[in-house]
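Asks: Dropping a structure here in structure tokens format, bear with me for questions.
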Amino acid sequence: MAFIIIDLEFNNLNGINKYYPDIFNDNPDLKDIQIENEIIEIGAIKLDKYMKPLGEYKAYIKPSIIPVLNPKVLEITKISKEDLDSGISFEEGMDGLRALIDEDDIICSWAKDDIIEIMSNAIYHKYEDLKWLKNYLDIQEYSTKILAHKNSLSLKNALEELKIRIDPSKLHDALNDAVYTSYVLKRIYNSRIIKNYVIKDIYNMPALEVKNLQEYNLDENKVKEICPKCKVGLAIEYPLKPINWRFLSLGICPKCNRKVINEVVIKKTFSGEEVYKETSTIVNEVEYINYTYKMYK
């Protein structure tokens, strides 16, 4: 068993009209691109169970989906047009990554975004040989819990907290970021605890966001809306409504009379199953009123 820590860099169209104001008028086909992020660089490092390096992989992927390189992406990643022009195809890049991975190895990344984009890009390219994507560890989730943080840690903040020295100018290079992520894992690695964070079936991992909630048909039979303290059903004052990335409802517990906000986040697995994650939180009067304003915006 080994750990394969991967990192990816992407090209996308986010904010590109700042640099090219007429880009969507001049290139109307860009509006119909069915993918948000195109992988343009792959980096990976392989560690054994003792956290010793076994090998690494780096490749530039020649763009074939998004025909325009976003200047902001090039600025952040320091990737040059020449790097990409001499790059390999997505299929070759995946084959190269796969060659690093053995049967029982654990694929790792800082947050689930990279795995999601591998899947999305693979679907676009009709690259079907992804059976090697099995066991998975989200190092960001593991680090956030081990270091006792409530909110998700960035890689940079984790490195700073653990006093791991890095060259900031080398951040956002796929291989360097994979190596820096491996430094974090080495520092907080616990073979007994980490087993609880390894996902054995990556295809049934709820990782894909349901984005257009305004048009989403919520199955309210899957929503409990209970008081987190008393475990009884809430008297709902403001029914479920899509707000930003989740559904919200507000209510009062008939037993303890506490005010409660109820949040429902919906995600999909790679196999298409929808998973509802529901969180109920007791709030004070001011917080409750603030949420009522959000419900009526």
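Residues 1 to 297 in UniProt numbering are what the sequence shown lists, from first letter to last.
All C-beta atoms in this analysis are idealised placements derived from N, C-alpha and C, irrespective of residue type, glycine included.
#1: Look up Pro-28 in the DSSP assignment and say whether it is helix, strand or coil.
#2: Anyone know if the C-beta pair for Glu-9 and Glu-41 falls short of 7 Å?
#3: Mapping DSSP to helix, strand and coil, what is Ser-280?
#4: Taking 7 Å as the cut-off, decide whether the C-beta atoms of Pro-63 and Asn-11 are in contact.
#5: When burial is assigned at 16 or more other CB atoms within 10 Å of the CB, is Trp-245 buried or exposed?
#6: Suppose the cutoff is 6 Å on Cβ atoms and the five residues either side in sequence are ignored; what does the same chain contact list for Tyr-136 look like?
#7: Among Ile-139, Tyr-60, Ser-143, Ala-99, which one has its Cα closest to the Cα of Leu-130?
#8: Would you call the region 221–236 and the region 249–264 touching, i.e. three or more CB-CB distances under 8 Å?
#9: If I follow the unbroken beta strand (DSSP E) through Ala-44, where does it start and stop?
#10: Whose C-alpha, out of Lys-255, Leu-213, Glu-209, is nearest the C-alpha of Val-275?
#11: Nearest to Leu-185 by alpha carbon, out of Leu-74, Asp-138, Lys-241, Phe-24?
#12: Buried or exposed for Cys-256, going by 16 or more other Cβ atoms inside 10 Å?
#13: On the three-state DSSP scale, how would you describe Ser-89?
#14: Using the three-state DSSP reduction, which class does Arg-165 fall into: helix, strand or coil?
#15: With DSSP as the reference, label Ser-191 as helix, strand or coil.
#16: Is it the case that the Cβ atoms of Ala-44 and Leu-84 are separated by a distance below 7 Å?
#17: Give the DSSP bridge partners of Cys-108, in chain order.
#18: Taking DSSP as the reference, what is the three-state secondary structure of Gly-272?
#19: Quick test of the definition: if touching needs 3 or more C-beta pairs under 8 Å, does the region 175–190 touch the region 47–67?
#20: Using a Cβ-Cβ cutoff of less than 8 Å, which residues in the same chain neighbour Ile-261 once the five nearest sequence positions on both sides are dropped?
#21: Starting from the C-beta of Ile-88, find all residues in its chain whose C-beta is less than 8 Å away, skip the five residues before and the five after it, and write them out in chain order.
#22: Tell me the residue span of the beta strand (DSSP E) that contains Ile-243.
Replies: Judging by the given coordinates:
#1: Looking at Pro-28 - three-state DSSP - the assignment turns out to be helix.
#2: Yes, they are a contact pair.
#3: DSSP places Ser-280 in strand when its eight states are reduced to three.
#4: Yes, they are a contact pair.
#5: Result: exposed.
#6: Answer for Tyr-136: Ile-107, Ile-199, Ile-202, listed in chain order.
#7: Nearest to Leu-130 by alpha-carbon distance, out of Ile-139, Tyr-60, Ser-143, Ala-99, is Ala-99.
#8: The region 249–264 and the region 221–236 touch, with three or more beta-carbon pairs separated by less than 8 Å.
#9: Ala-44 -> beta strand (DSSP E) spans 38–48.
#10: Nearest option by C-alpha distance: Glu-209.
#11: Closest by alpha carbon: Asp-138.
#12: Label assigned to Cys-256: exposed.
#13: Residue state, collapsed to three classes: coil.
#14: Three-state result, Arg-165: coil.
#15: Reduced to three states, the DSSP call for Ser-191 is helix.
#16: No.
#17: For Cys-108, DSSP records a beta bridge to Ile-5, Leu-137.
#18: Note: Gly-272 maps to coil in three-state DSSP.
#19: Yes, the region 175–190 touches the region 47–67.
#20: Here Ile-261 has Leu-248, Ser-249, Leu-250, Ser-280, Thr-281, Val-283, Glu-287, Tyr-288, Tyr-291 as same chain residues with Cβ atoms under 8 Å from its own Cβ, once five neighbours each way along the sequence are excluded.
#21: Excluding its 5 nearest sequence neighbours in each direction, Ile-88 has C-beta neighbours in its own chain below 8 Å: Ala-59, Tyr-60, Ile-61, Lys-62, Gly-96, listed in chain order.
#22: 235–243 is the span of the beta strand (DSSP E), which, as asked, contains Ile-243.
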